[in-house]
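To start, the structure itself, in structure tokens.
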Amino acid sequence: MKTTHHIMWDSPESHILLNPRCSDDLRVRFLKMFEYAPSFERHVWLATSGSSGKLKLVALSKEALLCSAEAVNRHLDASSNDRWGLALPKFHVGGIGVLARAYVSGASSVEMTPWDVNFFQKQLSDQHVTLVSLVPTQIHDLVHIGCEAPPLLRAVIVGGGPLSPKLYLQARKLGWNLLPSYGLTECCSQVATASLETLDGYENPSLKILDHMKVRVSSQGLLEFCGNSLFTGHLCEHEEGAIFSDLKRNGWFTSDDRGSLFGDHLLFHGRVDDMIKIGGESVDLTRLDHLLHDLAIEIGFSGDAVLIPVSNERLGSVIHLFVAQARADQVSELYVRFNATVLPFERIRVVNQMKELPRSSLGKILKNEMRAFKEPQSRT
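If you read the sequence shown in my numbering, its first letter stands for residue 351, the second for the next number, and so on.
Below you can see the structure in the form of structure tokens.
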């Protein structure tokens, strides 16, 4: 086993991929966990942390990663003539997926510098990039400064979280050929992705299930997956060290994601923990997040904003708005317009001002960290 960010695809070696910026304490904990791992050959272990704060390593075989890469390449008509831009971390399944796709197709890849929205378009042009994977946060940044896509870039896979229809349309009008996708680490990246044909228009596209995966919906409404790109198992931190579990049942893995199927297309509804109760009423946080994001775009909101459910003794939970680096007048307008649109029990109760919102290496807001928030800093 090696701790590295360089994968030898033909080698029997296994690798742990850790964020180089993680603390010494976290690194020690992950490596201590790995002492309890099965001795798998040709595996990549990716580090994550769950909502409980317990650490987790996800075991992905190189064969599974390459199977996913081949399916994505077929979906994109990717070949050795393409040039992949690597704009996601190499210790994340999104970044590894880019390297695997380039490897199996014989395409070249170029590692982009750390995210700088003002320099990104120039990098793509200078390096003649034709394909790239990004997350919604990066798309938002590009749209915010009105950055136009370079002409050689023929497709942008967007994963790592849902992309709002309004943001999709704004980016498309700037020439960015977006292909929204749905995927998860346990499936080695993409499960369903918009087809190239959707780029002929500007309508928000549906996500076509890739040909290497089988998908079904459980009786609880959870998405389940079967295929050769499934993970091998989870190694979860435990008081006595770590415990390895293969969570598949008869070849199927049940996720924590809610969704529905329409023929060979998938509609992602949100995660299980995005459904909460407020005063006995069911509230879908995914829907509220989309609304907040759309309103922020409409008013030209210049800062960061996120909705977080905070525990409340009487109602169970209430909605707080966390903002950072935002103008007071825009925060007030966002608050008023949001509360005028939603049902009474869905309204924002408290606005919390922060210097910055905690984010992951992919730019995702770390909502689980923020859910522990107790005392409001300001009220609107």
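Glycine included, C-beta positions come from ideal geometry on N, C-alpha and C.
Presumed contact (8 Å Cβ cut-off) between residue i and residue j, rounded CB distance
i, j, result
"Leu436", "Val460", "7 Å"
"Lys598", "Leu580", "6 Å"
"Gly533", "Gln540", "4 Å"
"Glu587", "Leu405", "4 Å"
"Ala544", "Leu560", "About 11 Å separates the two Cβ atoms, so there is no contact after all."
Residue i, enclosing alpha helix (DSSP H) - first and last residue
i, result
"Leu519", "Pro515 to Lys523"
"His643", "Leu635 to Ile649"
"Ser569", "First-last for Ser569: undefined, no H or E at that position."
"Ile717", "Going by the sequence as given, residue 717 is Lys instead of Ile. Unbroken alpha helix (DSSP H) run through Lys717: Lys717 to Met720."
Proximal residues to residue i (C-beta, below 8 Å), its chain only, five neighbours per side dropped
i, result
"Lys714", "Val485, Thr487, Gly510 and Gly511"
"Glu719", "Pro708"
"Leu712", "Leu438, Pro439, His442, Gly444, Val485, Thr487 and Gly510"
"Gly666", "Ile626, Lys627, Ile628, Gly629 and Gly630"
"Arg392", "Ser361, Pro362, Glu363, Ser364, Ser411, Lys412 and Glu413"
Those residues which DSSP pairs with residue i across a bridge
i, result
"Tyr532", "Ala542"
"Cys741", "The chain is shown only over 351 to 730; residue 741 falls outside these bounds and no answer can be derived."
"Ile446", "In DSSP, Ile446 forms no bridge with anything."
"Asn662", "Gly666"
"Cys372", "Looking at the DSSP assignment, Cys372 forms no beta bridge with any residue, so it has no partner."
"Phe575", "Val565 and Phe603"
"Ala397", "Leu407"
"Met625", "Asp634"
"Arg677", "Paired residues: none, contrary to the question."
"Gly609", "Phe618"
"Trp434", "Ser459 and Leu481"
"Gln703", "Val673"
Residue nearest to residue i in terms of C-alpha spacing, selected from the options
i, options, result
"Trp395", "His442, Ser711 and Trp434", "His442"
"Asp432", "Arg522, Arg451, Ile593 and Gly496", "Arg451"
"Ser682", "Val700, Ser667, Glu696 and Val692", "Val700"
"Ser418", "Thr535, Leu405, Pro464 and Pro500", "Thr535"
"Ser389", "Ala409, Ala505 and Val673", "Ala409"
"Gly571", "Gly620, Phe672, Gln520 and Ala457", "Gly620"
"Gly496", "Leu502, Ile658, Leu513 and Arg522", "Arg522"
"Leu381", "Trp359, Leu407, Met358 and Arg371", "Leu407"
Residues near residue i by beta carbon distance below 7 Å, same chain, minus five either side
i, result
"Arg377", "Leu368"
"Ser652", "Ala676, Arg677 and Gln680"
"Leu549", "Asn527"
"Gly601", "Cys576"
Own chain residues within Cβ distance below 6 Å of residue i, not counting five before or after
i, result
"Ile647", "Lys516"
"Ile507", "Ser483, Leu529 and Ser531"
"His356", "none"
Span of the beta strand (DSSP E), counted from its first residue to its last, around residue i
i, result
"Phe672", "Gly666 to Ala674"
"Leu481", "Leu481 to Leu484"
"His425", "Looking at the DSSP string, His425 is not in any beta strand (DSSP E); the run it does join, the alpha helix (DSSP H), is Lys412 to Leu426."
is_contact[residue i, chain D] using C-beta, thresh 8 Å
i, result
"Leu716", "The structure shown contains no chain D; it holds only a single protein chain."
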